[in-house]
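J.:
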Amino acid sequence: MDILGVLQKLGMESGFAQFFIAEGWKNLVMIIISFVLLYLGIVKKFEPLLLCGIAFGCLLSNLSYFVGMSENALYHPELWAQFLDESSPYYHSYGHIMSHAGLLDFFYIGVKAGIYPSLIFMGVGAMTDFGPLIANPKSLLLGAAAQLGVFVAFFGAVLLGFTGPQAASIGIIGGADGPTAIFLTTKLAPELLGPIAIAAYSYMALIPLIQPPIMKLMTTEKMRKVKMVQSREVSKTEKILFPCVVATFVILLLPSTAPLIGCLMLGNLFRESGVTDRLSDTSQNALMNIVTIFLATSVGATMIAQNFLSLDTIKIIILGLVAFAISTAGGLLGGLVMYKTSGGQINPLIGSAGVSAVPMAARVSQDVGRRYNKNNYLLMHAMGPNVAGVIGSAVAAGFLLAVFGG
Amino acid sequence: MEDLVNITIGTAGATALLGYAVVFFALVLLMSVLYILGAVMKAKAKKQAVSVGDIEAPRVMEAVPLEIKAMAPGSAGELKLYDTDPRTAAMLMAIVADEMHAPLNELRFLSIREIKEDKD
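In the order they appear, the protein sequences are chains S and L.
Going left to right, the first sequence walks through residues 9 to 414 as this note's numbering numbers them.
Going left to right, the second sequence walks through residues 292 to 411 as this note's numbering numbers them.
As structure tokens, this is what we get:
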């Protein structure tokens, strides 16, 4: 046996050797990026439930996939390129994927088919009390106003040279809703999934830093001190009817929102019906946790060096920040209009909570409000626009999918 | 059909405006439905309250005391407790006063109710 030859072969086939061949150094950069993301998730606690999985998925795919050497890879970008290529014999062939797949390719099928984001929405629905929104339906206007960043970022992305579907996927970062961003990007621009998911979840974690300066800039101290009257009590019947009514009207209006709105409202019905406590518990705990693991690792796996390390990624990170900031400003503008029209009864700070990101954005409204009036409790008032933002971002995604989905 | 992949700036602007308008339209529609639903529920609750009031009117008349109790100086009246023991109520009132940085005698508590959730 040629021991030296075997050792040489092992050495040449090892990942270490690949770092020095062709574009192998890019994998090394991605490995470092994945460690930075792990640091942000674990030490800085930036959306750790998602970011840890995304970072480790990124690490695994960049450790196992090198250009020209992919037989042991956990994720195969070329298989998914064939899956999306209309001229390929394997166009939309899950059979071809499954017969050549690595572990993370199997996980990614759930993202590609839109299963995980929808199931996450079911969990969100089961965790969300829509009572504040039902008590004050005007909150929906703030949820709509706060989608401004989606469309401004979309326009900005077109200006920067992205295609229509890519720009739509980038714009939805402004909806401040991770599952919605992943859902839409998977459908319209899967090649951008990694950077868009990273931007969406990073900025969601940074909401307590991004929003307060904009809130201070757009409101006066007098406005921030406004105390709002307590909302009316919402009956159990109303809470049960709400998911049925929302699903019916929104899906009939925009059928492309059906997976997200349908699952969101199904989860909420489990919560409110009073007869499906076990299903509600499963949706918001066990199922949510399981799906989060699959979603995060498979999204992270798409962060292959050849796709991620590009100027486009930097553009997406910048556009994402712009989208978040403008969405916050849009919500605040809505809040200012309500402040004026209500004769100063509505605190405009609740407008910024219209950017989905439940309940982080509502907490920011509460914290900023209390900084100026210690006896001011805006949290429940801000939860209305906050949950309205979830519906608003799903509607925005539905619109973009209807236009660019082909 | 216009090329929506290599989209022009004009089309992008029009799409953005239309998209924002559609989001508003959908949520305004939903808001209207919720207002109608709320109005129906309120009317129903009012109707129920009136019918219950009619039936129980004589009993209520019997229960009204003839003389009104004089309140102690500085008192804000009686505090109603529902499924809450006085010790817990006292603790809750103290916590609220502390959180609000207001003296307890400047606050008025009308009732304290334990919210119970149904469990399977």
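Built from N, CA and C at the ideal position, the CB exists for glycine as well.
Using the three-state DSSP reduction, which class does S/SER291 fall into: helix, strand or coil?
T.: Of the three classes helix, strand and coil, the one that applies to S/SER291 here is helix, per DSSP.
J.: Hey, out of S/LEU409, S/LEU201, S/ALA370, whose CA is closest to S/THR136's CA?
T.: For S/THR136, the nearest C-alpha among the options comes from S/ALA370.
J.: According to a CB-to-CB cut-off of less than 9 Å, which residues of the region 316-344 of chain L neighbour chain S?
T.: Against chain S - using a Cβ distance shorter than 9 Å - the residues of the region 316-344 of chain L are PHE316, ALA317, LEU318, VAL319, LEU320, LEU321, MET322, SER323, VAL324, LEU325, TYR326, LEU328, GLY329, MET332, LYS333, LYS335, ALA336.
J.: Are the C-beta of L/MET384 and some C-beta of chain S separated by less than 9 Å?
T.: No, because no Cβ of chain S sits closer than 9 Å to the Cβ of L/MET384.
J.: Considering only residues of the same chain and omitting the five flanking positions on each side of S/PRO56, which have a CB-CB separation below 7 Å?
T.: If we look at S/PRO56 and ignore the five residues flanking it on each side, its Cβ neighbours are GLY49, ILE50.
J.: Look at the alpha carbon of L/MET322 and the alpha carbon of S/ALA30, and state the distance between them as a whole number of angstroms.
T.: Cα to Cα, the separation comes out at about 58 Å.
J.: So which residues of chain L does S/VAL3 contact, with C-beta pairs closer than 9 Å?
T.: Summary: the structure shown does not reach residue 3 of chain S, with chain S confined to residues 9 through 414, and so no result is reported for it.
J.: Short of 7 Å in beta carbon distance, which residues of its chain neighbour S/ASP93, apart from the five on each side in sequence? Order them along the chain.
T.: Taken in chain order, the residues that qualify are TYR99.
J.: CA-CA distance, L/LEU357 and L/SER402?
T.: Here the model assigns L/LEU357 a pLDDT of 46, short of 50, so the residue's position is not dependable, and the following value carries that caveat. One C-alpha to the other measures close to 24 Å.
J.: Give the C-beta separation of S/LEU386 and S/ILE358 to the nearest angstrom, bearing in mind that I take them to be a contact with Cβ-Cβ under 8 Å.
T.: Indeed they touch by this definition, with Cβ atoms about 6 Å apart.
J.: Is the region 183-191 of chain S close to the region 70-82 of chain S, with three or more CB pairs under 8 Å?
T.: Cβ pair count under 8 Å is below three, so no.
J.: In three-state terms, what does DSSP make of L/LEU309?
T.: Looking at L/LEU309 - three-state DSSP - the assignment turns out to be helix.
J.: Locate the beta strand (DSSP E) running through L/LYS371, then write down its first and last residues.
T.: Unbroken beta strand (DSSP E) run through L/LYS371: 371-373.
J.: For S/ALA396, collect the residues of the same chain with a Cβ closer than 7 Å to its Cβ; drop the 5 residues on either side in sequence, then sort them by chain order.
T.: Here the set comprises LEU141, SER147, LEU148, LEU150, GLY151, GLY362.
J.: May I ask you to report which of helix, strand or coil DSSP gives S/LEU28?
T.: The amino acid at residue 28 of chain S is misidentified as Leu; the sequence shows Phe. Three-state DSSP puts S/PHE28 in coil, outside helix and strand.
J.: Does the distance from the CB of S/VAL403 to the CB of L/LEU295 come in under 9 Å?
T.: Taking 9 Å as the Cβ cut-off, S/VAL403 and L/LEU295 do not qualify as a contacting pair.
J.: Decide if L/HIS392 is buried, meaning its Cβ has at least 16 other Cβ atoms within 10 Å, or exposed.
T.: Exposed: under 16 other Cβ atoms inside 10 Å.
J.: Should L/LYS410 be labelled buried (16 or more other beta-carbon atoms within 10 Å of its own) or exposed?
T.: Confidence is the limiting factor: at L/LYS410 the pLDDT is only 43, short of 50, which leaves the residue's position unreliable, though a coordinate-based value still follows. Exposed, by the Cβ-count rule.
J.: Pick out whichever of S/PRO173, S/TYR209, S/PHE257 has its Cα sitting closest to the Cα of L/ILE325.
T.: Note on residue identity: the sequence assigns Leu, not Ile, to residue 325 of chain L. The candidate whose alpha carbon is nearest that of L/LEU325 is S/PHE257.
J.: Give, in chain order, every residue of the region 365-384 of chain S whose Cβ lies closer than 9 Å to some Cβ of chain B.
T.: The structure shown contains no chain B; its protein chains are S and L.
J.: Please confirm whether S/THR290 has its beta-carbon closer than 9 Å to some beta-carbon of chain L.
T.: No, because no Cβ of chain L sits closer than 9 Å to the Cβ of S/THR290.
J.: When burial is assigned at 16 or more other CB atoms within 10 Å of the CB, is L/MET352 buried or exposed?
T.: Its pLDDT being 49, under 50, L/MET352 is placed unreliably in this model, and the value from its coordinates should be taken loosely. Looking at its Cβ environment, which holds fewer than 16 other Cβ atoms inside 10 Å, L/MET352 is exposed.
J.: Is there at least one Cβ from chain L nearer than 9 Å to S/GLN353's Cβ?
T.: Answer no: the Cβ-Cβ gap between S/GLN353 and chain L never drops below 9 Å.
J.: For S/VAL345, go through chain L and note every residue whose CB falls closer than 8 Å to its CB, in chain order.
T.: Near S/VAL345 there are no residues of chain L at all, since even the closest Cβ is about 12 Å away, more than 8 Å.
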